[in-house]
Amino acid sequence: MGRRLRDGVNAHAREAGSTLEVIGYDAVPFFRFDKVVPEHVEKMIPFQAGMARRGVILRRDLNFISAVHTVEQIDHTIAAAGEVLRELA
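Printed below as a string of structure tokens:
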């Protein structure tokens with residue numbers, strides 16, 4: 801599920817020309833815009849807000865995938881990320 805999330809969000813980020821990248825272990829995806837903290841935070845805040853408006857609550861960095869997450873929830877998160885990234889482009 802984590803790999804599905806990472807691959808899906810990263811594909812949307814490339815399509816939108818965004819610097820967002822999901823990295824890390826499958827069960828612990830790390831969302832980052834830039835390696836430099838101030839720039840990352842500056843871009844992450846509107847991304848998080850857009851995701852929250854779509855019913856997806858994300859931490860600023862590490863997130864966690866567990867056995868209770870469904871394919872539908874992961875796919876909703878991927879689709880929401882695509883919408884937000886296009887909106888922010």
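Counted from 1, the sequence shown has number 809 at position 9 by our numbering; the numbering is strictly sequential. The C-beta atom is built at its ideal place from N, Cα and C for all residues, glycine as well.
Quick one: using the 10 Å Cβ neighbour count with 16 as the cut-off for buried, is residue i buried or exposed?
i: G817; result: exposed
i: R832; result: buried
i: A813; result: buried
i: V836; result: exposed
i: V809; result: buried
If you draw a straight line from the C-alpha of residue i to the C-alpha of residue j, how long is it?
i: T819; j: V841; result: 13 Å
i: P838; j: M844; result: 10 Å
i: P846; j: A889; result: 11 Å
i: G855; j: A880; result: 9 Å
i: E815; j: I878; result: 13 Å
i: A867; j: E887; result: 31 Å
i: L805; j: I874; result: 6 Å
Tell me the DSSP bridge mates of residue i?
i: L862; result: F830
i: E821; result: R832
Please look up how many angstroms separate the CB atoms of residue i and residue j, rounded, as I've assumed it's under 8 Å.
i: V884; j: M851; result: 6 Å
i: R876; j: M801; result: Just to set this straight, residue 876 is His in the shown sequence, not Arg. Their Cβ separation, rounded to whole angstroms, is 12 Å, which puts H876 and M801 out of contact at 8 Å.
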